[in-house]
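For the sequence shown, the positions run 1 to 354 when the UniProt record's numbering is used.
Built from N, CA and C at the ideal position, the CB exists for glycine as well.
None of the values given here were measured: they were computed from a predicted structure.
Structure first, commentary second.
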Amino acid sequence: MPKKVKPAGDGKEEGPVPCKQDELWRIQEKLECYFGSLVGSNVYITPADSQGLPPHYDDVEVFILQLEGEKHWRLYHPTVPLAREYSLEAEDRIGRPAHEFTLKPGDLLYFPRGTVHQADTPSGLAHSTHVTISTYQSSSWGDFLLDTISGLVFDTAKADVELRAGIPRQLLLQVETTAVATRKLSGFLRMLADRLEGTRELLSADMKKDFAMNRLPPYYVGDGAELSTPGGQLPGLDSTVRLQFRDHVVLTVGPDQDPSDETREKMVYIYHSLKNRRDTHMMGNEETEAHGLRFPLSHIDALKQIWNSSAISVKDLKLTTDEEKQSLVTSWPCVLTNRGTQKKEQQITKCPRR
Ligand SMILES: O=C(O)CCC(=O)C(=O)O
């Protein structure tokens, strides 16, 4: 997972900032729900009569909120449409600005990924402070295809012996891809495309999980008791349940990640962000934990029922036995709300917070 970090300039800027500001937490969390993609923020403070960064473009969609002072902006047509990387751009390559204006406190500016831009604080004014909110890094169709294809190949190879056949001897030692290999691979890609047309369960290798792991927890005021206080009554067979914080729960299918499962059976994974930490937002490393649950594929219909309905009776879940139904609804108390039996009042089952 790449770090969502914009390079620091010559010391005139600050950033990125862990999401410590309540107001930024509130805005970014809502935007993460809206876009379904991580949303980061950087603060830039630039003295009068100076410029932080030279002309450049970013690999993110950019929202600029001017907080203090004024900032003079020049935007240029992209040299790389929908750029996938941050890059400086030489003055002699960018031409004349397509837009030029000055932002004042309260102004909001949006420009798309790849827009070449530079900004300076005019002389004779106080310093400028703006916050840059950015999103949609590594969220292109190409990224999604890469994320999907490994699961698709893995899955198809289980059913198709041709994909399990060995590659020609010494293929890896060749300097150029042979015509035979190219023909074979393009044939497989066509076959995978046909198979994909009939698939409804898209396998996601990492994108869904990374998003759930690295995003902000739901915004709350106070101690977040509604997310975390243990207690409440677990749902039973006569209960009605509903997903709370649906925007913070992702459901995905993937090969079993349990190393003891050598056959790597497909499993359903539910990941949620209720216990994520706001102070390490998008600064995750290998130790960042995913909070989630793993269910056998036979549970997928019941999980989709819960996902798709505003409330569902446990008895109506599409599972074979009552034990399975009961065990399903009691295994994820953080995200499943027990709405009680018809006579009981709504109760919320809560889970401990770290
Ligand atoms: O203030 C600057 O020098 C540039 C800021 C910038 O590139 C941004 O906010 O995206």
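Which residue wins for smallest C-alpha separation from residue i, given the options the options?
| i | options | result |
| --- | --- | --- |
| K209 | V161, V180, L172, H291 | H291 |
| R164 | V153, L173, L243 | V153 |
| W307 | R278, T280, H272 | H272 |
| D206 | L234, L171, N214 | N214 |
| L65 | A157, F211, I133, Q51 | I133 |
| W332 | I270, P122, K184, D301 | I270 |
| A126 | G69, Y110, F144 | G69 |
| G236 | G142, K30, E324, H56 | E324 |
| F295 | V62, S310, P255 | P255 |
| L319 | L216, L303, E289, S309 | L303 |
| P218 | D120, R278, Q233, A159 | R278 |
| T288 | T263, F211, A193, D301 | F211 |
| V43 | Q137, D258, L251, V131 | V131 |
| V241 | P55, R26, Q326 | Q326 |
| L146 | P259, P112, L189, E262 | L189 |
| R193 | E176, S150, V161 | Here residue 193 is Ala; the residue named in the question, Arg, does not match the sequence. A193 has its Cα closest to that of S150, out of E176, S150, V161. |
| S140 | E262, P81, E176 | P81 |
Leaving aside the five residues before and after residue i along the sequence, list all residues of the same chain whose C-beta is less than 6 Å from its C-beta, in chain order.
| i | result |
| --- | --- |
| I167 | none |
| R74 | P97, E100, Q118 |
| V221 | none |
| S267 | As written in the sequence, residue 267 is Met, which differs from the Ser given in the question. For M267, where only same-chain residues beyond five positions count, the Cβ hits under 6 Å are D256, R294. |
| R26 | Y219 |
| C301 | One point to set straight first is that residue 301 is Asp, not Cys, in the sequence displayed. Excluding residues within five positions, the ones whose Cβ falls inside 6 Å are K318. |
| residue 405 | Coverage of the chain is limited to positions 1 through 354, which leaves residue 405 absent and any answer about it impossible. |
| N276 | P217 |
| V161 | none |
| E176 | none |
Are the beta-carbon atoms belonging to residue i and residue j less than 8 Å from one another?
| i | j | result |
| --- | --- | --- |
| T135 | S204 | no |
| H281 | L328 | no |
| E89 | V116 | yes |
| Y86 | D58 | yes |
| T102 | R93 | no |
| L53 | S41 | no |
| L234 | E32 | no |
| G114 | A159 | no |
| L185 | T129 | no |
| Y110 | F35 | no |
Spatial neighbours of residue i within its chain, please: C-beta separation below 7 Å, excluding the five flanking residues on both sides.
| i | result |
| --- | --- |
| V335 | L243, Q244, F245, V249, H272, L274 |
| T199 | none |
| M191 | none |
| Q305 | I312, L317, K318 |
| L251 | V268, I270, L303, W307 |
| D322 | L237 |
| D247 | C33 |
| S260 | none |
| R264 | P255, D256 |
| P112 | E61 |
| E91 | P55 |
Can you round the beta-carbon distance between residue i and residue j to whole angstroms, since I take them to be within the 8 Å contact cut?
| i | j | result |
| --- | --- | --- |
| L172 | A181 | In fact, because the Cβ distance is near 10 Å, the residues do not count as touching under 8 Å. |
| V39 | Q28 | 4 Å |
| H72 | P105 | About 14 Å separates the two Cβ atoms, so there is no contact after all. |
| Q51 | D120 | 4 Å |
Cutting at 8 Å between CB atoms, please list the residues of its own chain near residue i, excluding the five before and the five after it.
| i | result |
| --- | --- |
| R195 | L152, T156 |
| G124 | A48, D49 |
| G95 | Y76, H77 |
| D143 | M207 |
| T178 | P168, L171 |
| G187 | none |
| S310 | R242 |
| D258 | R294 |
| L297 | V253, E265, K266, M267, V268 |
| K30 | Y219 |
Notebook entry, point to check: What is the chain-ordered set of residues for which the beta carbon lies under 5 Å from any non-hydrogen atom of ligand 1?
Noted result: Y44, G52, L53, A119, T132
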